[in-house]
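Asker: In the UniProt record's numbering, the protein residues as written are 1 to 73.
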Amino acid sequence: MSSSQIRCFRHTATVVALEIENTLCQVAAVVEKESANANASHHKSGKDLDGKAAEVRERRTILAEYLKEIVDG
């Protein structure tokens, strides 16, 4: 779409891509905060937070892949 000769399609494709990237960055910020909290709390209690930390790591990996796809095309 971004290589379309029709200007309105290029504009719309750019707006949509920027909105998706912006939203993914916001979600990534929340996940990073959760990760920091899980790591800080990990030292206090173990088993319950181990599952939470693993879940947060998995979400970080998925988000990094999504952002890499958008940035790299």
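Virtual Cβ for every residue (Gly too), placed ideally from N, Cα, C.
1) According to DSSP, is glutamine 26 part of a helix, a strand, or is it coil?
2) Give a yes or no on whether the C-beta atoms belonging to arginine 59 and valine 30 are separated by under 7 angstroms.
3) Does the distance from the C-beta atom of cysteine 52 to that of alanine 36 stay below 7 angstroms?
4) Mind checking valine 15: buried by the 16 CB within 10 Å criterion, or exposed?
5) Once DSSP output is grouped into helix, strand and coil, what is the label at isoleucine 62?
6) Is the Cβ-Cβ distance between leucine 67 and leucine 18 less than 7 angstroms?
Answerer: In short, the structure shows the following:
1) Helix, per DSSP.
2) For the 7 angstroms CB-CB criterion, arginine 59 and valine 30 do not form a contact.
3) Note on residue identity: the sequence assigns lysine, not cysteine, to residue 52. No, they are not a contact pair.
4) Using a 10 angstroms sphere on the CB of valine 15, the tally of other CB atoms stays under 16, which defines it as exposed.
5) Isoleucine 62: helix per DSSP, three-state reduction.
6) Taking 7 angstroms as the Cβ cut-off, leucine 67 and leucine 18 do not qualify as a contacting pair.
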